[in-house]
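There are 2 protein chains.
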Amino acid sequence: MKEFELIKKYFTEQAVNRKDVVLGIGDDCALLTPAERQNIAVTTDTLVAGVHFPHETEPRAIGHKAIAVNLSDLAAMGAEPSWISVAITLPEIDETWVGEFCAGVFELCEYYNVQLVGGDTTQGPLSITVTAQGLIPFDKHISRSGAKAGDWLYVTGEIGDAALAIKHYYGKIELSKETLTATYQRLNYPKPRVLAGQALREYASAAIDLSDGVLSDLEHIRKASNVGVNIVLEDLPLSNELIDTLGHEAAIELALQGGDDYELLFTVSADNKVGMETALANVGVKVTCIGQLNATSKVTTTLNSEVTQINAIGFEHFSAKDNSHER
Amino acid sequence: MKEFELIKKYFTEQAVNRKDVVLGIGDDCALLTPAERQNIAVTTDTLVAGVHFPHETEPRAIGHKAIAVNLSDLAAMGAEPSWISVAITLPEIDETWVGEFCAGVFELCEYYNVQLVGGDTTQGPLSITVTAQGLIPFDKHISRSGAKAGDWLYVTGEIGDAALAIKHYYGKIELSKETLTATYQRLNYPKPRVLAGQALREYASAAIDLSDGVLSDLEHIRKASNVGVNIVLEDLPLSNELIDTLGHEAAIELALQGGDDYELLFTVSADNKVGMETALANVGVKVTCIGQLNATSKVTTTLNSEVTQINAIGFEHFSAKDNSHER
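Respectively, the protein sequence lines represent chains A and B.
So the first sequence is numbered by UniProt numbering: it starts at 1 and just counts up by one.
So the second sequence is numbered by UniProt numbering: it starts at 1 and just counts up by one.
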């Protein structure tokens with residue numbers, strides 16, 4: 001009992017105190033007052049030890065990532081994150097572990113003014129389920145289904161680095177110390193594109209966050225919007241570490257198929273291109289145009305204007321098995 | 001991939017289609033439109049196999065209970081349930097199991113017009129985390145902190161039967177077939193007191209749902225409201241099965257300390273007693289007055305007007321260990 005009371009103590013010691021939280025942690029439910037003329041976006045993601053992250057991952061990274069992957073889903077809709085619930089199942093209580101985990105959770109919460117409003121702590125194999133909620137003014141959300149032929153395909157940041165770190169964890173490659181440090185950050189401390197997502201409300205025709213890999217996630221936009229797409233492979237934003245380690249061709253392949261980027265993949269009409277690029281520059285987020293939608297129902301790729309074959313459709317989390325599928 | 005697509009299929013085949021759900025399952029987030037002048041109650045509960053239920057529990061019961069325990073928390077606040085997210089971690093996909101689990105989930109959802117709006121399916125040791133949300137008109141919620149000295153203490157339904165079934169599972173007692181059938185229902189198919197909770201909005205000064213046992217859960221009301229309480233043991237509502245199996249005294253002890261009842265424990269001022277009893281009779285829920293609050297900070301018990309000692313403070317889920325503590 002006392003040990004679980006300890007966790008309660010950690011979880012009630014947060015700095016965020018939102019005005020729209022009538023009752024926070026400590027009653028049967030939390031009680032929230034949504035803003036007028038705003039919809040609520042809600043998303044849930046589970047991370048399981050040994051599946052979504054190696055058992056030995058540092059607890060601060062686990063806490064960070066459990067929140068980040070959910071905020072990333074909110075970002076892809078254009079929502080402003082507001083409230084989270086954290087359900088954590090732990091084999092045993094280790095105070096240091098819990099303190100570090102909470103530090104990872106609260107660092108992101110404080111940065112984005114997100115309040116922890118509830119959750120559950122249970123004993124069992126390590127896993128974390130977070131439900132995150134955010135606010136979006138009526139009719140301003142970005143769905144997966146609004147892309148049109150002719151729209152341009154964009155991605156934020158750089159892609160493929162997290163997948164490079166996963167290859168290292170599998171023992172498939174041996175990274176230099178510098179590259180490992182950089183890609184480890186990308187894998188374990190992804191930065192959800194919250195401000196970019198909100199800036200895109202006015203400009204994007206469709207958006208998704210990259211959790212399973214560009215090719216795999218792009219399929220969701222393509223099918224929901226009933227469009228085709230050509231990806232210009234030489235335009236993919238790749239880090240120097242990725243290119244130096246794998247060479248350009250293998251780097252492209254990994255960037256297309258690897259997961260865990262948590263960048264935003266989105267589409268913009270020709271009319272909105274300039275406005276969007278200015279808006280994203282204002283929030284300090286790099287964006288790169290990587291292709292264009294068309295009226296076919298196919299995905300094609302070109303490299304230096306020549307049509308290229310991409311074989312596989314990407315999916316690789318930490319575990320080699322197909323182990324997670326968000327609904 | 002295909003197997004997890006199968007689960008997706010099951011989860012998108014629900015009958016409930018609420019008008020306040022702008023986007024349901026299938027995008028990065030669900031999108032909800034809260035009603036005007038209503039707060040949102042949100043609660044999260046995790047059930048872990050081998051901790052909260054035996055591994056061999058029938059999947060329909062697991063689905064039912066995962067939803068019921070969350071609706072029970074909403075009921076204790078007086079909320080009208082509206083939306084749920086279900087995160088399920090499964091060791092492997094068994095189509096029959098998933099179908100039965102979903103039947104248990106959707107049966108309750110359809111009855112209470114609750115829409116599944118999202119979740120996550122991952123591979124790993126069996127556990128289910130549900131986040132449930134409900135609506136309450138501004139200033140109408142029931143908290144744990146409103147009880148006053150002089151208020152009467154009530155409980156819905158009958159208590160102790162689920163704990164009797166747990167004793168049977170542990171091999172501590174051997175129940176007759178009829179008693180096992182009845183108490184098995186109470187343990188595995190608890191009925192959340194949703195309508196009673198909404199009826200209590202106008203009358204109760206405080207409420208909580210009974211998950212950990214009367215003595216344990218009463219402590220939350222007592223501490224939050226800063227009151228004392230006397231429980232009149234001969235007034236506890238016990239089933240004939242419970243009394244016949246254990247005798248009256250041991251039945252009282254189990255009813256006080258056993259968990260998993262999912263009845264509502266609540267307090268009512270003298271002025272509201274008659275109104276509350278009429279309102280609860282109108283929704284067809286039995287209520288029993290089991291004591292009164294006072295200005296001490298103690299819990300006392302009387303049996304036929306004599307002061308009685310109760311030793312332990314209750315907590316027993318399926319596992320003997322202290323393994324769960326809701327925040």
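Note that the Cβ used here is the ideal one computed from N, Cα and C, for glycine as well.
Query raised in the report: Taking three-plus beta-carbon pairs below 8 Å as touching, is the stretch 152-168 of chain A in contact with the stretch 233-248 of chain A?
Result: yes
Query - As assigned by DSSP and simplified to three states, the class of S205 (chain B) - result: strand
Query raised in the report: Smallest Cα separation from P137 (chain A): which of A:N230, A:Q292 and A:A199?
Result: A:A199
**Report entry** CA-to-CA distance, A295 (chain A) to I141 (chain A), given in whole angstroms
**Finding:** It should be noted that the sequence gives His, not Ile, for residue 141 (chain A). Going from the Cα of H141 (chain A) to the Cα of A295 (chain A) covers about 24 Å.
Query raised in the report: First and last residue of the beta strand (DSSP E) that includes D45 (chain B)?
Result: Q38 to V48
**Report entry** Beta-bridge partners of G228 (chain B), as assigned by DSSP
**Finding:** B:N294
Query raised in the report: Bridge partners of Y184 (chain A), per DSSP?
Result: Note: Y184 (chain A) sits in no beta bridge, so no partner.
Query raised in the report: Closest Cβ-Cβ distance between L74 (chain A) and chain B: below 8 Å?
Result: yes
Query raised in the report: Apart from the five residues just before and just after residue 359 (chain B), which ones in its own chain have a Cβ nearer than 8 Å to its Cβ?
Result: Residue 359 (chain B) lies beyond the residue range present for chain B, which begins at 1 and ends at 327; the question has no answer from this structure.
Query raised in the report: Does any C-beta atom of chain B lie closer than 8 Å to the C-beta of T221 (chain A)?
Result: Note on residue identity: the sequence assigns Ile, not Thr, to residue 221 (chain A). Cβ-Cβ to chain B under 8 Å: no for I221 (chain A).
Query raised in the report: What is the rounded straight-line gap between the Cα of V227 (chain A) and the Cα of G134 (chain A)?
Result: 29 Å
Report task. Starting from G213 (chain B), find everything on chain A with Cβ-Cβ shorter than 9 Å and list it in chain order. Result -> Those within 9 Å of G213 (chain B) in chain A number zero; the least Cβ separation is about 13 Å.
Report task. Please list the residues of the stretch 243-268 of chain B that have a C-beta atom closer than 8 Å to any C-beta atom in chain A, keeping them in chain order. Result -> none
Query - Option nearest L153 (chain B) by Cα separation, candidates B:C289, B:K9, B:E306 and B:Q309 - result: B:C289
Query - Of the listed residues B:T308, B:G160 and B:D139, nearest to L233 (chain B) (C-alpha basis) - result: B:T308
Query raised in the report: What residue range is occupied by the uninterrupted beta strand (DSSP E) comprising V22 (chain B)?
Result: V21 to L23
Report task. List the whole-angstrom C-beta distance separating K148 (chain A) from S205 (chain A), where the pair is believed to meet the contact cut-off of C-beta under 8 Å. Result -> 6 Å
Query raised in the report: Distance, Cα to Cα, N323 (chain A) vs A49 (chain A)?
Result: Residue placement at N323 (chain A) cannot be trusted, given a pLDDT of 39 that sits under 50; the coordinates are not used to answer.
Query - heavy atom of the ligand SAH below 7 Å from G291 (chain B) C-beta - result: Inclusion of the ligand SAH in the displayed structure is not the case, the ligand content being empty and no account of it being possible.
Query raised in the report: Which of the three DSSP states, helix, strand or coil, is assigned to L236 (chain B)?
Result: coil
Query raised in the report: How would you list, in chain order, the residues of chain B whose beta-carbon sits under 8 Å from the beta-carbon of I208 (chain A)?
Result: D28
**Report entry** Between the CA atoms of I84 (chain A) and Y262 (chain A) - distance to the nearest angstrom
**Finding:** 18 Å
Report task. Identify, in the order they occur along the chain, each residue of the same chain with its Cβ nearer than 6 Å to the Cβ of T44 (chain A), setting aside the five sequence neighbours on each side. Result -> T131
Query raised in the report: Whose C-alpha, out of B:V21, B:E174, B:P81 and B:V98, is nearest the C-alpha of Y112 (chain B)?
Result: B:P81
**Report entry** Member of A:E277, A:Q115, A:T179 and A:Q185 whose CA lies at the smallest distance from the CA of I25 (chain A)
**Finding:** A:Q115
Query raised in the report: Should the stretch 260-278 of chain B be called in touch with the stretch 206-215 of chain B, which here means at least 3 C-beta pairs below 8 Å?
Result: yes
Report task. List the residues of chain B whose Cβ lies closer than 7 Å to the Cβ of A87 (chain A), in chain order. Result -> T44, T46 and T129
**Report entry** Cβ-based neighbour list, I313 (chain A), same chain, cut-off 6 Å, excluding 5 preceding and 5 following
**Finding:** Legend: pLDDT at I313 (chain A) = 42, less than 50; position of this residue unreliable, value from coordinates given subsequently. Cβ neighbours of I313 (chain A) beyond the five flanking positions: L215 and S216.
**Report entry** 8 Å Cβ shell around S297 (chain B) - same chain, five flanking residues per side excluded
**Finding:** R222, N226, V227 and G228
**Report entry** Residues near T33 (chain B) by beta carbon distance below 7 Å, same chain, minus five either side
**Finding:** D20 and V22
Query raised in the report: Terminal residues of the continuous beta strand (DSSP E) containing A132 (chain A)?
Result: S127 to P137
Report task. Report yes if the CB atom of A196 (chain A) is closer than 8 Å to the CB atom of V69 (chain A), and no otherwise. Result -> no
Query raised in the report: Any idea what DSSP makes of G119 (chain A), helix, strand or coil?
Result: strand
Query raised in the report: Roughly how many angstroms lie between the CA atoms of G99 (chain B) and L187 (chain B), to the nearest whole one?
Result: 21 Å
Requested in this report: Could you have a look at residue 329 (chain A) and say whether DSSP puts it in helix, strand or coil?
Outcome: Since the first and last residues shown for chain A are 1 and 327, residue 329 (chain A) lies out of range.
Query raised in the report: Closer than 8 Å, CB to CB, is G99 (chain A) near chain B or not?
Result: no
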